[in-house]
Amino acid sequence: MNRFWLTRSICLTLVASLFFTGFALPSFGKDLDDRLEDIKGQVKELEDELLAASKVVQRATAELRRIEGLIPAAQRRLQTAQGNLRVAFRRESAAEAEIRQINRAQVVVRVRIAKAEARVRELQLQVGQIARRLYQEGPLAIIGILFQADSLGEFTGRLGAAQALARARGASVDELEIVRAGLLEDKKELERLFELARIQEEKAAAARREAQAARAEAKAARDALAKLQAQRKAAVLKAQKQRAAVKREYDKILAEQRRIQALIRGESNPGVFAGTLVWPTTGRISAYPGPRRHPVFGYRSCHTGLDIAAPTGTPIKASAAGRIVTARSTVYGLYAVVYHGSDVATMYAHMTRFAVTSGQVRQGQIIGYVGSTGYSTGPHLHFEVRLKGRPYHPMGWFGWSKKPITC
1 MNRFWLTRSI
11 CLTLVASLFF
21 TGFALPSFGK
31 DLDDRLEDIK
41 GQVKELEDEL
51 LAASKVVQRA
61 TAELRRIEGL
71 IPAAQRRLQT
81 AQGNLRVAFR
91 RESAAEAEIR
101 QINRAQVVVR
111 VRIAKAEARV
121 RELQLQVGQI
131 ARRLYQEGPL
141 AIIGILFQAD
151 SLGEFTGRLG
161 AAQALARARG
171 ASVDELEIVR
181 AGLLEDKKEL
191 ERLFELARIQ
201 EEKAAAARRE
211 AQAARAEAKA
221 ARDALAKLQA
231 QRKAAVLKAQ
241 KQRAAVKREY
251 DKILAEQRRI
261 QALIRGESNP
271 GVFAGTLVWP
281 TTGRISAYPG
291 PRRHPVFGYR
301 SCHTGLDIAA
311 PTGTPIKASA
321 AGRIVTARST
331 VYGLYAVVYH
341 GSDVATMYAH
351 MTRFAVTSGQ
361 VRQGQIIGYV
371 GSTGYSTGPH
381 LHFEVRLKGR
391 PYHPMGWFGW
401 SKKPITC
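Per the UniProt record's numbering, the very first residue in the sequence shown carries number 1; after that it's consecutive.
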């Protein structure tokens, strides 16, 4: 909002210049075509000034460019974060795939271990049974069995059975040792798989943390990019609105210019300025003409008149006899312009109310009252003197040398 008012404030000086442009004509007898050519030149100057000096539009454009300059870096940040997220996902997926493979291997080893443990129990039982039988029968019992045979064939059969029993015991013991050794290796393999699974779980957990961090970074990057894009959109809209506002103010200037031109053309008696002015109101001078920082908007501007601080309602007097050519309300608040003849005019701005709004006025006649209307920080009179359209230091009519105001 301040920038919008700033744009309007930039136009204040332009509006005031236009008010007095009509008064800058050397005489009312000057050829109308020449006058219109002068006006066209002034309009062209206004166009150039509005284009080059509109701080609001320039700032909006600079802000837009600044935001657009940040967007590529934000896009790169988002792309990097998304790339990191993809890498983290791949690492997590690879670790989880490795864990699944290890789990399958663990199942296989567990099955082998279970079978081996069952076989160990079975062999232990067999060996125990054989051992008990051999213990019960003893070596003499076996010899007795052999010698009790009635024939050579029976002896051979009994001898074979005894030998088979001994071989069975030895085979069971041998197999038991082999199965036990295999079982020990499988248990070691299972421990190794457990360790591999632990390592892969740590890798997967680290990958998940990386993915979470990358996901958070990607979200932050997306949010930052979205914010910049929203700011860019807002800056574009603001610039467009501010350019439109400047154009509207420019149109107002042209309309006011045409109105003043019509007033001047309708003036039948240009009059002759007597050359002396009276002080327009009581109060102290709070600001002189010249460069300054605008009291409302803070930007540097050219102050084209005197500010006379006075309480609200203090009478304002016409500095010289003349004709009120305009009395209205704009960005200057309530203001009046009095044309005195000989290309001299005075302006009285920020009035709280008018005393007269048209016609001839006498020198010293009350034309309004001090106020703080329009762009103002407090009650005061903004008093200007224009000669041939140029603002002059008002103190030139009160003892100082007459010189134009330059900023």
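The C-beta atom is built at its ideal place from N, Cα and C for all residues, glycine as well.
The structure displayed is predicted, hence computed values, not measured ones.
>> Among L387, H350 and I67, whose alpha-carbon lies nearest the alpha-carbon of A226?
In response: Translated into positions along the sequence shown, residue 226 becomes position 226. Per the C-alpha coordinates, the member of L387, H350 and I67 positioned closest to A226 is I67.
>> Is it buried or exposed, Q200, if we count other Cβ atoms within 10 angstroms and call 16 or more buried?
In response: Your numbering for residue 200 matches position 200 in the sequence shown. Residue environment analysis places Q200 among the buried positions, since at least 16 neighbouring C-beta atoms fall within 10 angstroms of its C-beta.
> Which value, in whole angstroms, describes the spacing of the CA atoms of I366 and A310?
Replying inline: Position 366 of the sequence shown, counted from the first residue, corresponds to residue 366. Position 310 of the sequence shown, counted from the first residue, corresponds to residue 310. Pairing I366 with A310, the inter-Cα distance amounts to about 15 Å.
>> Using a 10 Å radius around the Cβ and a threshold of 16 neighbouring Cβ atoms, would you call K238 buried or exposed?
In response: Your numbering for residue 238 matches position 238 in the sequence shown. So K238 counts as buried.
>> Quick check on P291: buried or exposed, where buried means 16 or more other Cβ atoms within 10 Å of its Cβ?
In response: Working through the sequence shown from its first residue, we reach residue 291 at position 291. Per the 10 Å Cβ criterion, exposed.
> In angstroms, rounded to a whole number, what distance separates the CA positions of L334 and T373?
Replying inline: One-based indexing of the sequence shown puts residue 334 at position 334. One-based indexing of the sequence shown puts residue 373 at position 373. For L334 and T373, the distance between alpha carbons rounds to 6 Å.
> When the Cα atoms are used, what is the spatial distance from A213 to R198?
Replying inline: Stepping through the sequence shown from its first residue, residue 213 is reached at position 213. Stepping through the sequence shown from its first residue, residue 198 is reached at position 198. One alpha carbon belongs to A213, the other to R198, and they sit about 22 Å apart.
> Should the region 115 to 124 be called in touch with the region 219 to 236, which here means at least 3 C-beta pairs below 8 Å?
Replying inline: Touching, no, given that fewer than three Cβ pairs across the two stretches are closer than 8 Å.
>> Taking the alpha-carbon of A274 as reference, which of G341, I308 and Q231 has the nearest alpha-carbon?
In response: Along the sequence shown, one-based indexing puts residue 274 at 274. Taking each of G341, I308 and Q231 in turn and checking the Cα distance to A274, the smallest one comes out for G341.
> Which of helix, strand or coil does DSSP assign to R100?
Replying inline: Working through the sequence shown from its first residue, we reach residue 100 at position 100. In the three-state reduction of the DSSP assignment, R100 falls in the helix class, which pools H, G and I.
> Should W400 be labelled buried (16 or more other beta-carbon atoms within 10 Å of its own) or exposed?
Replying inline: Counted from its first residue, the sequence shown places residue 400 at position 400. Burial is judged here by how many other beta carbons sit within 10 angstroms of a residue's own beta carbon; W400 has fewer than 16 and is exposed.
>> For Y332, which residues in the same chain have their Cβ closer than 6 Å to its Cβ, ignoring the five residues on either side in sequence?
In response: As a working mapping, residue 332 is identified with position 332 in the sequence shown. The answer, listed in chain order, is A349 and G374.
> What first and last residue would you give for the beta strand (DSSP E) that runs through T352?
Replying inline: As a first step, residue 352 is located in the sequence shown; it is residue number 352 there, counting from the start. Looking at the DSSP string, the run of the beta strand (DSSP E) that includes T352 is V344 to F354.
> So, do the region 79 to 96 and the region 184 to 192 have three or more beta carbon pairs nearer to each other than 8 Å?
Replying inline: Flag = no, the region 79 to 96 and the region 184 to 192 do not touch.
>> Quick check: what's the CA-CA separation for A345 versus R362?
In response: Within the sequence shown, numbered from 1, the residue matching residue 345 stands at position 345. Within the sequence shown, numbered from 1, the residue matching residue 362 stands at position 362. Here the alpha carbons of R362 and A345 stand approximately 14 Å from one another.
> So what's A336 in DSSP terms, helix, strand or just coil?
Replying inline: Indexing the sequence shown from 1 puts residue 336 at position 336. Reduced to three states, the DSSP call for A336 is strand.
> Near G182, what residues of its chain come up, given a Cβ to Cβ distance below 7 Å and the 5 sequence neighbours on each side ignored?
Replying inline: As a working note, residue 182 is residue 182 in the sequence shown. The residues A116, in chain order, have a CB closer than 7 Å to that of G182 in the same chain once the five nearest residues on each side in sequence are set aside.
>> For L78 and A62, I'd like the C-alpha separation in whole angstroms.
In response: Within the sequence shown, the letter at position 78 stands for residue 78. Within the sequence shown, the letter at position 62 stands for residue 62. C-alpha separation (whole angstroms): 25 Å.
> For T314 versus E384, is the C-beta distance shorter than 8 Å?
Replying inline: Stepping through the sequence shown from its first residue, residue 314 is reached at position 314. Stepping through the sequence shown from its first residue, residue 384 is reached at position 384. Not a contact, by the Cβ cut-off of 8 Å.
> In chain order, what residues of the same chain have a beta carbon less than 7 Å from the beta carbon of V173, not counting five sequence neighbours either side?
Replying inline: The sequence position of residue 173 within the sequence shown is 173, counting from 1. Cβ within range, chain order: V127.
>> My assumption, with CB atoms under 8 Å, is that T281 sits in contact with L381. Please give the rounded CB distance.
In response: Stepping through the sequence shown from its first residue, residue 281 is reached at position 281. Stepping through the sequence shown from its first residue, residue 381 is reached at position 381. Contact flag correct, Cβ pair sits at about 5 Å.
> Between V356 and I324, which are expected to be in contact by the criterion C-beta below 8 Å, what is the C-beta distance as a whole number of angstroms?
Replying inline: What you label residue 356 is simply residue 356 of the sequence shown in a count that begins at 1. What you label residue 324 is simply residue 324 of the sequence shown in a count that begins at 1. Rounded to the nearest angstrom, the Cβ distance from V356 to I324 is 6 Å, consistent with a contact under 8 Å.
> Helix or strand or just coil, what does DSSP make of F89?
Replying inline: Residue 89 sits at position 89 when you count from the first residue of the sequence shown. If DSSP states are grouped into helix, strand and coil, F89 belongs with the helices.
> Cβ of M347 versus every heavy atom of the ligand ADP: is any distance shorter than 7 Å?
Replying inline: Annotation note on the ligand ADP: not contained in the displayed structure, which lists no ligands.
> First and last residue of the beta strand (DSSP E) that includes S329?
Replying inline: The sequence position of residue 329 within the sequence shown is 329, counting from 1. Run containing S329: G322 to T330, per the beta strand (DSSP E) assignment.
> Could you check where the beta strand (DSSP E) with V385 kicks off and where it finishes?
Replying inline: Translated into positions along the sequence shown, residue 385 becomes position 385. V385 -> beta strand (DSSP E) spans H380 to L387.
> With 16 as the cutoff for other CB atoms within 10 Å, does A386 come out buried or exposed?
Replying inline: Here the question's residue 386 lines up with position 386 in the sequence shown. In the sequence on display, residue 386 carries Arg and not Ala. Result: buried.
> What residue does the beta strand (DSSP E) around Q360 start on, and which one ends it?
Replying inline: Your numbering for residue 360 matches position 360 in the sequence shown. Run containing Q360: G359 to V361, per the beta strand (DSSP E) assignment.
>> Using only the alpha-carbon positions, how far apart do R390 and K402 sit?
In response: Position 390 of the sequence shown holds residue 390. Position 402 of the sequence shown holds residue 402. Here the C-alpha atom of R390 lies approximately 12 Å from the C-alpha atom of K402.
> For L277, does the three-state DSSP call read helix, strand or coil?
Replying inline: Taking the first residue of the sequence shown as position 1, residue 277 is located at position 277. Three-state result, L277: coil.
>> Could you give the first and the last residue of the continuous beta strand (DSSP E) run that contains A287?
In response: Within the sequence shown, the letter at position 287 stands for residue 287. Per DSSP, A287 belongs to the beta strand (DSSP E) from R284 to A287.
> Which whole runs of the beta strand (DSSP E) in the region 197 to 252 are 3 residues long or more, in chain order?
Replying inline: DSSP runs (the beta strand (DSSP E)) wholly in the region 197 to 252: none.
> Span of the beta strand (DSSP E) holding A309?
Replying inline: Counting from 1 along the sequence shown, the entry for residue 309 is found at position 309. Taken as a continuous stretch (DSSP letters only), the beta strand (DSSP E) holding A309 covers L306 to A309.
> Buried or exposed: A73, going by 16 or more other Cβ atoms within 10 Å of its Cβ?
Replying inline: For this step, residue 73 is matched to residue 73 along the sequence shown. By the neighbour-count definition (other C-beta atoms within 10 Å, threshold 16), A73 is an exposed residue.
>> Assuming A318 and G364 are in contact, meaning their beta carbons sit under 8 Å apart, how far apart are those beta carbons, in whole angstroms?
In response: Numbered from its first residue, the sequence shown carries residue 318 at position 318. Numbered from its first residue, the sequence shown carries residue 364 at position 364. The Cβ separation is near 7 Å, so the contact holds.
>> Please tell me whether A218 and A94 are closer than 8 Å, where the distance is taken between their beta carbons.
In response: Here residue 218 refers to the residue found at position 218 when the sequence shown is read from its first residue. Here residue 94 refers to the residue found at position 94 when the sequence shown is read from its first residue. Cβ distance not < 8 Å, so A218 and A94 don't count as in contact.
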